[in-house]
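Going by my numbering, the first residue of the sequence shown is number 19, and it counts up by one from there. We put the beta carbon where it would ideally sit given N, CA and C, even for glycine. Structure record follows, encoded as structure tokens.
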Amino acid sequence: MRIGGWTMSNNAKQAKYSPSILRYMEAVSLSLFLLAIVLGCAQDKGEQEVASGGPDDAPYVEPSGPTVVAPVQDPAPMHQQPAFAPEMVEPHLVPQGGAPKAEPDVRFGYSEPSGAAPQPQYAPRSLSPQASDSSPNLQRSTAPRMSPYSQPQAMPLEMQQPQAMQAPPLQPRMMQAPAEMQPMAAEPEPVPMQAEAPSDDPFDVVEVFYGTDRAPMLWPGGVLPHKFHALLPAITCMILGIAVALLLTKFKQYIVAGLTVVVAVTGAVVVGQEGWVQYHKFDRFLSNDSVVYGKEQGDLELGTCKVSIPKSHQAGQLESPSVVHWEFEEKPEDHVMLMEVKSKEEQEFFNMLKLRVEESPNHDLLIFIHGFNVTFEDAARRTAQIAHDLDFRGAPVFFSWPSQGELLGYVTDRGNSFWTASHLKEFLLKVHQHSGAQSVHLIAHSMGNRAFGAAVESLAQDLQLNQKIFNEVILAAPDVDARVFQEKIAPNLAGLSQHVTLYASQNDLALIASRAVNGYPRAGDVGANILILNGIDTIDVTQIDTSLMGHAYYGDNTTVISDIYALMQNARMPTQRQWLRDISSPGGMYWYFDPQYNNSVTRTPSSPPLR
């Protein structure tokens, strides 16, 4: 007797599957087994890279040279301490043979020109130098260290009774330091710069100031939907995939059906991971009363936000939760994470900004203007990462205009980049007037150069002629019509800035697509007619930019980051940056990165990898 897909035997009464169902089940089982193997191998590979510290980590070699450290002694009580007592001198490293010689600066993989006077510099925090006692020219003292409880104390001698009343009484006499311990009249030897003591926290927190004309997002009742809504897209993807696979089995396409199930499961995991991360992110913002800005147009608002930078951070990276590592939630010790966003009144904002600028060594600040396909969160994270990788000690600031944060929003972003120009001009002018900064640096990326160019044109009309309100201006991959930039933006920008640098690339797929859409060459595109203008240094990054899109090299390429560091922190011109080569063209001279320069330098563990 036959019922559906079952065959019933009257004697044995056993059930058997039809051959079609068996083949389908075998295909699905085999596909799921292969998926499990792929995910397992990917996870093992990720864990091995994390455990080994990454494939690019260079082994650290312990220096062979000994180091001399002056012994530390507790000072005597203040009322008994003689002037210039040796105990009051802080311990420092003493080089052998007198003052140390100037060493070549190899912090970023290059050497200082011979004869140049050494200048104190800050090393990038993520590429911090090793401790000073690792220098081979210094030796550590082998003298035993005295216990602080066993050191002698200065005791006054007993007062003696004078023989005659007319004799003056003897004054108490203090123990004097030995003659050989008296401080030298000559100028003391320079003390090597000490590295900052590492913090016990697994991550650093960077406070970033912002201005934005995005409209805040609001939830009804101030609560998030149920967690099920975060997984709804993943569940839908899974159901559709299984439905398509069942449909294929009716046409006996069992292998294709099995592959469809694999694709559906993979897509469900990826979509579910993204939804789960977003849910916990918004839940965190609601719990600490953070402002969440969307993609709609709004009024100009000011505020501050905090971004975590993990101790394991690699220069040029924006660490995020990875489905390969099976991470479904942001963690400050592992990821560059936007922790909180607080809106501020204008007076409070500029009071905080001015205080931060006053506390910085150079009394400066850095403004970042993002480009196309960037959310408010992305702009905050990128600003903190750039400031951290550049070891920028001033105030990091960014302006976020209402980009849609998606590839299909190009047309909307193009319109918003012009709409935001008046707000950006107002923000830049207030920062110039109320921040108290002696130096204002600015980095504009991609479509953000459109808003910045329009704001500069308006600022030039309001301010006095050649009033320099910017120090270093960096235009990275500007998505601006080359002729508009040459005729309208460049002349005004040169009058408002001390120095301007333009980074361009021939492999920038985003600008290639923009040229196809807009019909004209872009200022950040290296084509037959590269943009070369008076007062602007044009640098071609084609030789060293190996990324897929070739559009975000300003923040994710360590060679470009090193070049920006030398430009912004050390004020080095292209002729002073040894990794740049000049090239003459019919339009003038521009610069390009020498891809072979890495083979001619000696790198230290603190130097960024040049590729």
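Margin query: Please tell me whether Lys231 and Pro420 are closer than 9 Å, where the distance is taken between their beta carbons.
Written below: One-based indexing of the sequence shown puts residue 231 at position 213. One-based indexing of the sequence shown puts residue 420 at position 402. For the sequence presented, residue 231 should be read as Asp rather than Lys. Cβ atoms of Asp231 and Pro420: closer than 9 Å.
Item checked: Exposed unless 16 or more other CB atoms sit within 10 angstroms - verdict on Lys329 -> What you label residue 329 is simply residue 311 of the sequence shown in a count that begins at 1. Counting of Cβ neighbours within 10 angstroms places Lys329 among the exposed residues, the total staying below 16.
Next item on the list: Have a look at Lys372, Gln422, Leu520, Gly433 and flag the residue whose alpha-carbon is nearest the alpha-carbon of Pro414.
Entry: Locating residue 414 in the sequence shown gives position 396, counting from the first residue. Minimum Cα distance to Pro414 is reached at Lys372.
Item checked: Cβ pair Ile562, Val578 closer than 9 Å -> Residue numbering aside, residue 562 sits at position 544 when the sequence shown is read from its first letter. Residue numbering aside, residue 578 sits at position 560 when the sequence shown is read from its first letter. Their beta carbons are under 9 Å apart, which means Ile562 touches Val578 by this criterion.
Checklist line | Given 8 Å, three or more beta-carbon pairs between the region 604-615 and the region 550-561 | finding: In short, these stretches touch, since the Cβ pair count reaches three.
Next item on the list: With DSSP as the reference, please indicate the residues paired to Asn355 in a beta bridge.
Entry: Locating residue 355 in the sequence shown gives position 337, counting from the first residue. Sequence check: residue 355 is Met here, not Asn. In the DSSP output, where bridge partners are listed per residue, Met355 has Ser326.
Check: For Asp543 versus Ala570, is the C-beta spacing smaller than 9 Å?
Finding: Along the sequence shown, read from residue 1 onward, the residue named residue 543 stands at position 525. Along the sequence shown, read from residue 1 onward, the residue named residue 570 stands at position 552. Contact annotation: Asp543 and Ala570 have beta-carbon atoms that are not nearer than 9 Å.
Check: How big is the Cα-Cα spacing for Gly133 and Gln482?
Finding: Numbered from its first residue, the sequence shown carries residue 133 at position 115. Numbered from its first residue, the sequence shown carries residue 482 at position 464. Here Gly133 scores only 46 on pLDDT, less than 50, and its place in the model is too uncertain to base an answer on.
Note to self: Quick check on the burial criterion: 16 or more other C-beta atoms within 10 angstroms. Buried or exposed for Thr564?
What the structure shows: Position 546 of the sequence shown, counted from the first residue, corresponds to residue 564. With fewer than 16 other Cβ atoms from the protein chains shown falling within 10 Å of its own Cβ, Thr564 counts as exposed.
Notebook entry, point to check: Three-state secondary structure (DSSP) at Gln296?
Noted result: Reading the sequence shown from its first residue, position 278 is the one you call residue 296. Residue state for Gln296 is assigned as helix, using DSSP reduced to three classes.
Notebook entry, point to check: In terms of DSSP beta bridges, what is Thr556 paired with?
Noted result: As a first step, residue 556 is located in the sequence shown; it is residue number 538 there, counting from the start. Answer is Leu520, bridged to Thr556.
Check: I think Thr401 touches Val226, with their Cβ atoms under 8 Å apart; what is that distance to the nearest whole Å?
Finding: The sequence position of residue 401 within the sequence shown is 383, counting from 1. The sequence position of residue 226 within the sequence shown is 208, counting from 1. That belief holds up - the Cβ atoms of Thr401 and Val226 are roughly 5 Å apart, short of 8 Å.
Next item on the list: Alpha carbon to alpha carbon, how far is Gly545 from Thr7? Give it in angstroms, no decimals.
Entry: In the structure as shown, the chain starts at 19 and stops at 629, and residue 7 therefore has no counterpart that could be examined.
Next item on the list: With a floor of 4 residues, list each alpha helix (DSSP H) that falls wholly inside the region 417-465, ordered by position along the chain.
Entry: Entirely contained in the region 417-465, the alpha helix (DSSP H) runs reaching 4 residues are, in chain order, 428-437, 439-452.
Margin query: In chain order, what are the residue ranges of uninterrupted beta strand (DSSP E) at least 3 long that sit wholly in the region 553-608?
Written below: Whole beta strand (DSSP E) segments, 3+ residues: 554-558, 598-603.
Next item on the list: Provide the residue span of the beta strand (DSSP E) that contains Ile387, from first to last.
Entry: Taking the first residue of the sequence shown as position 1, residue 387 is located at position 369. Taken as a continuous stretch (DSSP letters only), the beta strand (DSSP E) holding Ile387 covers 382-387.
Next item on the list: Could you tell me the distance, in whole angstroms, from the CA atom of Leu249 to the CA atom of Glu366?
Entry: Working through the sequence shown from its first residue, we reach residue 249 at position 231. Working through the sequence shown from its first residue, we reach residue 366 at position 348. If you take the alpha carbons of Leu249 and Glu366, they lie about 40 Å apart.
Checklist line | Top-ranked residue by Cα proximity to Lys486, from Lys270, Val518, Trp437 | finding: Residue numbering aside, residue 486 sits at position 468 when the sequence shown is read from its first letter. Lys486 has its Cα closest to that of Val518, out of Lys270, Val518, Trp437.
Check: Which whole-angstrom value is the C-beta distance of Phe390 and Asp497, which I expect to be below 8 Å?
Finding: The residue labelled residue 390 in the question sits at position 372 within the sequence shown. The residue labelled residue 497 in the question sits at position 479 within the sequence shown. Contact flag correct, Cβ pair sits at about 7 Å.
Check: Where Thr278 and Gln403 are concerned, what is the direct C-alpha to C-alpha distance, given to the nearest angstrom?
Finding: As a first step, residue 278 must be located in the sequence shown, where it is residue number 260. As a first step, residue 403 must be located in the sequence shown, where it is residue number 385. Within the model, the alpha-carbon separation for Thr278 versus Gln403 is close to 39 Å.
Note to self: If I measure Cβ to Cβ from Leu318 and keep anything under 8 Å in the same chain, skipping five residues before and after, which residues do I get?
What the structure shows: Your numbering for residue 318 matches position 300 in the sequence shown. So the qualifying residues of the chain are Gly229, Thr230, Asp231, His441, Glu444, Phe445.
Next item on the list: Leaving out five residues on either side along the sequence, give the residues of the same chain with a beta carbon under 6 Å from the beta carbon of Val309.
Entry: Residue numbering aside, residue 309 sits at position 291 when the sequence shown is read from its first letter. Result list for Val309: Pro234, Val359, Ser361, in chain order.
Next item on the list: Below 6 Å CB to CB, which residues in the same chain sit around Gly466 once its five sequence neighbours on both sides are set aside?
Entry: In the sequence shown, residue 466 corresponds to position 448, counting from 1. If the five residues before and after Gly466 are omitted, its C-beta is found closer than 6 Å to the C-beta atoms of Ile387, His388, Gly389, all from its own chain and listed in chain order.
Checklist line | Pick from Ala478, Ser464, Ile492 that is closest to Val458, judged by C-alpha positions | finding: What you label residue 458 is simply residue 440 of the sequence shown in a count that begins at 1. Val458 has its Cα closest to that of Ile492, out of Ala478, Ser464, Ile492.
Next item on the list: Could you tell me which of Gln614, Pro220, Gly276, Val429 sits nearest to Val535, measuring between CA atoms?
Entry: Here residue 535 refers to the residue found at position 517 when the sequence shown is read from its first residue. Scanning Gln614, Pro220, Gly276, Val429 for the CA closest to the CA of Val535 turns up Val429.
Next item on the list: Would you tell me roughly how many angstroms separate the C-alpha atoms of Ser326 and Asp558, rounded to the nearest one?
Entry: Counted from its first residue, the sequence shown places residue 326 at position 308. Counted from its first residue, the sequence shown places residue 558 at position 540. The straight-line gap from Cα to Cα measures roughly 32 Å.
Notebook entry, point to check: In its own chain, which residues sit with a C-beta less than 6 Å from the C-beta of Gln456, not counting the 5 before and 5 after it?
Noted result: Counted from its first residue, the sequence shown places residue 456 at position 438. Cβ within range, chain order: His381.
Next item on the list: Ignoring anything shorter than 3 residues or poking outside the region 492-539, list the beta strand (DSSP E) runs there in chain order.
Entry: Annotation: the region 492-539 contains the following complete segments of the beta strand (DSSP E) (minimum length 3 residues), in chain order: 515-522.
Checklist line | Cα-Cα separation, Glu347 to Gln422 | finding: On the sequence shown, residue 347 is found 329 positions in, with the first residue counted as 1. On the sequence shown, residue 422 is found 404 positions in, with the first residue counted as 1. In this model, Glu347 and Gln422 are separated by some 24 Å (Cα to Cα).
Next item on the list: Take Pro613 and list the residues in its own chain whose beta-carbon comes closer than 8 Å to its own, dropping the five residues that flank it on each side.
Entry: Mapped onto the sequence shown, residue 613 falls at position 595. Excluding positions up to five away in sequence, the list reads Gln561, Ile562.
Item checked: Reduced DSSP secondary structure (H/G/I, E/B, other) of Ser361 -> For the purposes of this step, residue 361 is taken as the residue at position 343 of the sequence shown. If DSSP states are grouped into helix, strand and coil, Ser361 belongs with the strands.
Next item on the list: Give me the Cα-Cα distance between Val502 and Asp352, rounded to the nearest whole angstrom.
Entry: Counted from its first residue, the sequence shown places residue 502 at position 484. Counted from its first residue, the sequence shown places residue 352 at position 334. Near 43 Å, if we compare the C-alpha coordinates of Asp352 and Val502.
Checklist line | Distance, His450 Cα to Pro509 Cα | finding: The residue you call residue 509 lines up with position 491 of the sequence shown. The residue you call residue 450 lines up with position 432 of the sequence shown. The straight-line gap from Cα to Cα measures roughly 20 Å.
Next item on the list: For Gly427, verify whether its CB is less than 8 Å away from any heavy atom of the ligand COA.
Entry: Only the bare structure without any ligand can be found here, which leaves the ligand COA out of the picture.
Check: By the 10 Å Cβ neighbour count, where 16 or more other Cβ atoms means buried, how is Ser305 classified, buried or exposed?
Finding: Against the sequence shown, residue 305 aligns to sequence position 287. Ser305 should be labelled exposed.
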